[in-house]
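Asker:
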Amino acid sequence: METAHKRPNYILIWVYLAVLTAAELGLAFELPISRNWKLILLLFLAVWKAALVGLFFMHLKFERWNLRIMAVIPLPLAVIFILAGMSEHIW
Amino acid sequence: MSWWLPLKGSTFAGEIDGLFIAILVITGIAFVIVEAGLIWFVVRYRARPGRKAFYTHGSTRAEVIWTAIPAVTMVALGLVSNHYWVQIKGRNSIPPNAYPIGIHAKQFEWQVTYPGPDGKLGTADDFTVRNQLHVPAGRPIVLALSSEDVIHSFFVPQFRVRQDVVPGMDIKAWFQATVPGTYELGCSQLCGLGHYRMRAQVFVHTPEEYDAWMKRAAQGEASE
Amino acid sequence: MTHAAATVDQMRPPYPAERGLDVYNTKLGMWVFLASEVMFFAALIGTYIILRFGAPGEWARPGIVLNIKITAFNTFLLICSSVSMVKAYAAIQDGDPKKMRFWLLLTILGGATFVGIQIYEYIHLIEHGFVPSGVREGSELAELVAKGTLPAATMGLYGSTFFTMTGFHGFHVTCGVISMTYLYLTKALPGKYTKQSYGGIETVGLYWHFVDLVWIILFTIVYLI
Amino acid sequence: MTTVAATAQVAHGHHDDRPFIRKYIFSTDHKIIGIQFLFVSLFFLLVGGLLAMQMRWQLGFPGKPMPGGGILPETMAPGGVILPEYYIQLVTMHGTFMVFFAIMPLLVGVYANFLIPLKIGTHDMAFPRINMWSFWSAFAAGLVMLASLFVPEGAARAGWTMYAPLSARHDYSGAELGQELWSISIVLLGLSSILGSLNYITTVINNRAPGMTWFRMPLSVWALFITAILGILALPVLSGAAIMLLFDQILGTHFFDPPAGGQALLWQQWGHHMFVSGMNPTLGSSFMVSTLVIAVPSAVKTFNWMGTMWRGNLRFTVPMLNAVAFVAMFVIGGLSGIYMAATPVDMFIHDTYFIVAHLHYVLFGGSLFALFGAIPFWFPKMFGRLMSEPWGKIHFWLTFVFYNCTFFPMHILGMAGHMRRIYDPTQYDFLKPYQPMNEFISISAFLLFATQIIFFVNFWWSLKKGKPAGLNPWQDNGLEWTLPSPAPHGNWERVPTVYRGPYEFSSPQVPEDYLPQTRKLPGDREPAAVSAAH
Ligand code: HEA
Ligand code: HEA
Ligand code: CUA
Ligand SMILES: [Cu+2]
Chain A
1 METAHKRPNY ILIWVYLAVL TAAELGLAFE LPISRNWKLI LLLFLAVWKA
51 ALVGLFFMHL KFERWNLRIM AVIPLPLAVI FILAGMSEHI W
Chain B
1001 MSWWLPLKGS TFAGEIDGLF IAILVITGIA FVIVEAGLIW FVVRYRARPG
1051 RKAFYTHGST RAEVIWTAIP AVTMVALGLV SNHYWVQIKG RNSIPPNAYP
1101 IGIHAKQFEW QVTYPGPDGK LGTADDFTVR NQLHVPAGRP IVLALSSEDV
1151 IHSFFVPQFR VRQDVVPGMD IKAWFQATVP GTYELGCSQL CGLGHYRMRA
1201 QVFVHTPEEY DAWMKRAAQG EASE
Chain C
2001 MTHAAATVDQ MRPPYPAERG LDVYNTKLGM WVFLASEVMF FAALIGTYII
2051 LRFGAPGEWA RPGIVLNIKI TAFNTFLLIC SSVSMVKAYA AIQDGDPKKM
2101 RFWLLLTILG GATFVGIQIY EYIHLIEHGF VPSGVREGSE LAELVAKGTL
2151 PAATMGLYGS TFFTMTGFHG FHVTCGVISM TYLYLTKALP GKYTKQSYGG
2201 IETVGLYWHF VDLVWIILFT IVYLI
Chain D
3001 MTTVAATAQV AHGHHDDRPF IRKYIFSTDH KIIGIQFLFV SLFFLLVGGL
3051 LAMQMRWQLG FPGKPMPGGG ILPETMAPGG VILPEYYIQL VTMHGTFMVF
3101 FAIMPLLVGV YANFLIPLKI GTHDMAFPRI NMWSFWSAFA AGLVMLASLF
3151 VPEGAARAGW TMYAPLSARH DYSGAELGQE LWSISIVLLG LSSILGSLNY
3201 ITTVINNRAP GMTWFRMPLS VWALFITAIL GILALPVLSG AAIMLLFDQI
3251 LGTHFFDPPA GGQALLWQQW GHHMFVSGMN PTLGSSFMVS TLVIAVPSAV
3301 KTFNWMGTMW RGNLRFTVPM LNAVAFVAMF VIGGLSGIYM AATPVDMFIH
3351 DTYFIVAHLH YVLFGGSLFA LFGAIPFWFP KMFGRLMSEP WGKIHFWLTF
3401 VFYNCTFFPM HILGMAGHMR RIYDPTQYDF LKPYQPMNEF ISISAFLLFA
3451 TQIIFFVNFW WSLKKGKPAG LNPWQDNGLE WTLPSPAPHG NWERVPTVYR
3501 GPYEFSSPQV PEDYLPQTRK LPGDREPAAV SAAH
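Residue numbers (our numbering), protein chains in the order written: chain A, 1 to 91; chain B, 1001 to 1224; chain C, 2001 to 2225; chain D, 3001 to 3534.
Next comes the structure, spelled out in structure tokens:
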């Protein structure tokens, strides 16, 4: 249970998350851009927020490499799974 | 009762049976090697008093050999199979002049829609017959398959053709019958309690017979 | 030392240096569990994407059926509760159980409020005619469908995926609130967490942040896109 | 400290004073949980077998009243004649019970629970209470599944693969409650397996005895570990699908409902079971290649098994006989898999008895023979007694013969185009000539089932009257054989120290032909972890 690393500023991350959420809302309902652009930007913001939670709140940024690997292994699998499903409908 | 594959009733049959035999030979060899090996080892290396097993940490060379040979065989088999697969089910495999027949599957019957004398589906002279599939020999047939309810599967063993019929999808499949005669069309995907009797008769006619049948059927004296 | 004591030693704090990952059992177990949770939500989200891609027509535009404002507030609430959770963790790391209890209680309240608001949202939606099978006949939403404001062809899928995804997320939040309350009452209040031993807080925290993370994704793809 | 002294200490110094219910019913001891899984899954094996016998009656003698069938209610078999709707319930529940409630729990539930802590040298699983829940949710799942056979409309009837939309809508399948109970049961079972896998993974990673490095870990533990990892990743997806199916059934959602935009193929999750399903043919090609490539490791395994026997000194005990038969039979099933992996051939044999033959050769041949070997092998460590060897041999030979008589002819039926899951093959003119073969198969199947009575009796008899086993009746090297039989609660007083891998047979270092993992020879170094941990 060592905490060798410097503790991140949790309040700052909270501010980040709040601002990004506000940005998402503005983007989705106020910004006059095409739907595809909205889609891309919204997904980008969502992944950004998720990464903040994972890296700082769940401390992945500070964990041992083998635990980090364990945590990310399912992600590519999940993506492959979703892509395989989609490929069926694009032909 | 035959102990072998059924009559070759379509142009696919030769290719598929050929592949089947090729696999039979490959797996036959593997089978003999393994089973004979097992029997030999069982007899040769059975425990006898005072004997001790041979102490070894294995052989890398042996491992490489018995990995490489199956791997090469499988890849070769995959390439050959794929060649035929593309011819049979490939997206561009359906011959452009194929004769269209509509097949609508529902619990538990086959509704076969014929293009009528004009040879086109979706026109006024189309007509539908239940549980009877008539096709001319020697001419590619393209089936337009649709389902009313659940997944069914179109299967005529002599044609070596099978295609699932999936609700919500429009699926095409093609074949060319070669031997005139009467066969059976079965549903080969469990589709409910009547699955076992979801069956239709298949008549492969000579082209002349087929034209004659089409004329009669189109005039309404068709079927039963 | 009897073997029973040995068994306990291996599994409870102060966690001897184990021969594996150098991560104590409960934390490792939680990460493995989260791996399975990732796959579970991937299945739900994947299904949603497949169905939406292959849908027979347009999806309902965001903001018509669902009340974005109240959910945006809920999203913010969940983010806050994630911060309070991590504050509780930091507090006990610093050896301050009182502060830890305060932040943990705040987290529990945040989570419970989230669930409450979600239940309110569901009741509201169902009253308006939005149900898991689509749109209830004769309801307010059915009129919108009739007018063409909402696409008739895809409302069934919309209802199916919306209720399944948010419902399972809500279920996870509820489980989190229950386990945190349990830990609060049986461990935090009696003062069993110390600067040396706070595995329960760290582990439940991992779960809680994961649930927050999933919501971040769900909020975007279900409500905003 | 020698091993013998340590175990003696445990046997004497330890008295287990938990009440009966905590000891044998709601136990958190991994060994008791393993044994609970054993009894429950053998019971479901029996149920699956009984269902198979009824199917075989109908297939061999279609439309004739089944002996003893009179006791079945009108809704299943009026006058003892099996109804079509009952037949598909039989097929569905046979597959379901055999795969989900007999084979999977036997291979994983029993062996992972019983063996992992014993083989890696620890006191119990990492999370004993979660482990107990894993058993009880599997048990509940089994009860729900069993109960579904007795609800008014009968059990689920869409095949064990439960293809949607047949399974999703009650007007298609004709069963409502039965279908729902099936989904509920599978979700519970999925939960059980996830809890189990979680435990196995954590235990193997974290709780190995000093000196039990990854490369000294027995292959059986490796296999269970990998299975658990795959399970953790795959089961949630399956459970998710089962939940969506359940929601379609009870909440009226439309995941698998094509008219409302749902997708029938969503259920089938992709892969080589659906070459002719109407999916993109290019996908078919890639699945074919991957299926064939996956066959290569199986080939390697087969040759490794043979290599292990080469120049060995084989004692034909019951476990050994069954192990050799396992290799011999699995290979037949594996080779028949090659025909199906070649897509053009699969187009012909898909959903015929060729597939039924394949799956029984891999599942019965590859699993039941393994189990008929494994049960007598670890029986002593579970119960302290040996099973009867002569009766074991009789059981083995009869099973071997009748098993092949039952399942080999199914290849011929499949080549003739005999579809699976059909209630009455004589409906088809082209199948009528094959009825004698179906009769032959049925009679062989009855004899196969009857042979299992020998196993059953041997099992129960040996529990009480078998020969006391002693520490290491098979002269094996694994850690579990350093414990008394049966192994005591908590296993070891102090976890043992490991000095080598588990397969040192006929080592030149010792006169015996086996060399336990815990035996310290001059020159063996103490593992680093020991000094750190103690
Ligand atoms: C224990 C379970 C198990 C195992 C191990 C396997 C192993 C394999 N299976 Fe099987 N399979 C099932 C259980 C299993 N299967 C079940 C239950 C079904 C039916 C599901 C249903 O109800 O629909 C099924 C169905 C099934 C299908 C779908 C058929 C259809 O419905 O149309 C396919 C298609 O590719 C397939 C292929 C294979 C292959 C290629 C292997 C390979 O992994 C086999 C590899 C092994 C060997 C090849 C033998 C040893 C090797 C050698 C001796 C080396 C030399 C060999 C060569 C060079 C060829 N199986
Ligand atoms: C491990 C899996 C397994 C096992 C062991 C079996 C065993 C048997 N199976 Fe099974 N079968 C399947 C898995 C299995 N099956 C699957 C997955 C399907 C596909 C289902 C579907 O299509 O949906 C299937 C389908 C299937 C069909 C096709 C039905 C159809 O398509 O219409 C047939 C037909 O003959 C059949 C027959 C038999 C027979 C005669 C046995 C015999 O071997 C049975 C012999 C009896 C026993 C093995 C039980 C003995 C009991 C004990 C040893 C217990 C002792 C107890 C104690 C000591 C307490 N099975
Ligand atoms: Cu239609 Cu089976
Ligand atoms: Cu498979």
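All C-beta atoms, glycine included, are put in the ideal place defined by N, C-alpha and C.
Please read these numbers as outputs of a predicted model, since none were measured by experiment.
Could you name the residues of chain D that A/F81 contacts, counting a contact when the two beta carbons are closer than 8 angstroms?
Answerer: V3237
Asker: Could you name the residues of the same chain whose beta carbon sits closer than 7 angstroms to that of D/M3001, not counting the 5 residues immediately before and after it, in chain order?
Answerer: Caution applies to D/M3001, whose pLDDT of 28 falls short of 50 and renders its modelled position unreliable; the model cannot decide the point.
Asker: What in chain D is Cβ-close to A/P74, meaning under 7 angstroms?
Answerer: L3233
Asker: Counting only Cβ-Cβ distances shorter than 8 angstroms, please list the residues of the stretch 2086-2100 of chain C near chain A, keeping chain order.
Answerer: Residues V2086, K2087, A2090, Q2093.
Asker: For the alpha helix (DSSP H) that B/C1191 lies in, which residues bound it at each end?
Answerer: Segment: none, B/C1191 is in no alpha helix (DSSP H) and carries neither H nor E.
Asker: Answer with buried or exposed for D/W3460, where buried requires no fewer than 16 other C-beta atoms within 10 angstroms of its C-beta.
Answerer: exposed
Asker: Of all the alpha helix (DSSP H) runs that stay within the bounds of the stretch 3382-3410 of chain D, which reach a length of 4 or more residues?
Answerer: 3389-3407
Asker: State yes or no: is the C-beta of D/I3232 within less than 8 angstroms of the C-beta of C/A2043?
Answerer: no
Asker: Looking at the secondary structure, which residues open and close the beta strand (DSSP E) in which B/V952 lies?
Answerer: This structure gives no information on residue 952 of chain B, because the portion of chain B shown stretches from 1001 to 1224.
Asker: Do you know whose CA, among D/P3062, D/V3081, D/G3060, lies nearest D/G3070's CA?
Answerer: D/V3081
Asker: In terms of alpha-carbon separation, which member of D/R3208, D/M3340, D/Q3263, D/G3261 lies closest to D/H3123?
Answerer: D/R3208
Asker: Given the structure, does B/P1070 come close to ligand 1, in the sense that its CB is under 7 angstroms from one of the ligand's heavy atoms?
Answerer: The beta carbon of B/P1070 sits closer than 7 angstroms to at least one heavy atom of ligand 1.
Asker: Assign B/D1164 to one of three DSSP states: helix, strand, or coil.
Answerer: strand
Asker: Which word fits A/L52, buried or exposed, when buried means at least 16 other C-beta atoms lie within 10 angstroms of its C-beta?
Answerer: Flag for A/L52 reads buried.
Asker: Going along chain C, which residues have a C-beta under 7 angstroms from D/A3241?
Answerer: Correct list: A2043.
Asker: Does the stretch 1121-1130 of chain B come close enough to the stretch 1155-1172 of chain B to have 3 or more Cβ pairs within less than 8 angstroms?
Answerer: no
Asker: What did DSSP end up calling D/V3530 once you bin it into helix, strand or coil?
Answerer: Bear in mind that the predicted position of D/V3530 carries a pLDDT of just 47, short of 50, making it too unreliable to give a figure here.
Asker: Does the beta-carbon of D/W3222 have 16 or more other beta-carbons within 10 angstroms, so that it is buried, or is it exposed?
Answerer: exposed
Asker: For A/I90, count the other beta carbons within 10 Å of its own beta carbon; 16 or more makes it buried, fewer makes it exposed. Which is it?
Answerer: Note that A/I90 has pLDDT 45, beneath the 50 cutoff, so the model's placement of it is unreliable and no number is given.
Asker: So, does the CB of C/H2128 fall closer than 8 angstroms to a CB anywhere in chain A?
Answerer: no
Asker: Report the start-end ranges of each beta strand (DSSP E) in the stretch 2078-2156 of chain C that is 3 residues or longer and not cut off at the edges.
Answerer: none
Asker: Once DSSP output is grouped into helix, strand and coil, what is the label at B/F1155?
Answerer: strand
Asker: Tell whether a beta-carbon distance below 8 angstroms holds between B/Q1107 and B/I1141.
Answerer: no
Asker: Just the Cα atoms here: how many angstroms apart are D/L2950 and D/H3094?
Answerer: The requested residue 2950 of chain D is not part of the displayed model; chain D covers only 3001 to 3534.
Asker: How many angstroms separate the CA atom of B/G1186 from the CA atom of D/S3286?
Answerer: 28 angstroms
Asker: Anything in chain C within Cβ reach of A/K121, meaning under 7 angstroms, just list it in chain order.
Answerer: The requested residue 121 of chain A is not part of the displayed model; chain A covers only 1 to 91.
Asker: So, is B/H1195 buried or exposed, given that buried needs 16 or more other C-beta atoms within 10 angstroms?
Answerer: buried
Asker: Output, in chain order, the set of chain D residues within a Cβ distance shorter than 8 angstroms of C/A2035.
Answerer: I3232, L3233
Asker: Closer than 8 angstroms is the cut-off here; do at least three beta carbon pairs connect the stretch 3409-3416 of chain D with the stretch 3487-3500 of chain D?
Answerer: no
Asker: So is C/F2076 in contact with chain A if we call contact Cβ pairs under 8 angstroms?
Answerer: Yes - at least one Cβ of chain A is within 8 angstroms of the one on C/F2076.
Asker: Please classify C/Y2182 as buried or exposed, where buried requires at least 16 neighbouring CB atoms within 10 angstroms.
Answerer: Here C/Y2182 is exposed, its C-beta having fewer than 16 other C-beta atoms within 10 Å.
Asker: Whose C-beta lies closer than 8 angstroms to the C-beta of B/A1173 among residues of the same chain, with five residues either side of it excluded?
Answerer: K1089, V1142, L1143, L1145, F1154, V1161, Q1163
Asker: What do you reckon, is the C-beta of D/G3333 under 7 angstroms from a heavy atom of ligand 2?
Answerer: no
Asker: Report yes if the CB atom of D/A3156 is closer than 8 angstroms to the CB atom of D/W3182, and no otherwise.
Answerer: yes
Asker: Which bits of chain A does D/W3270 rub up against, with CB to CB less than 7 angstroms?
Answerer: A84
Asker: The alpha helix (DSSP H) that contains D/V3331, what's its start and end?
Answerer: 3318-3341
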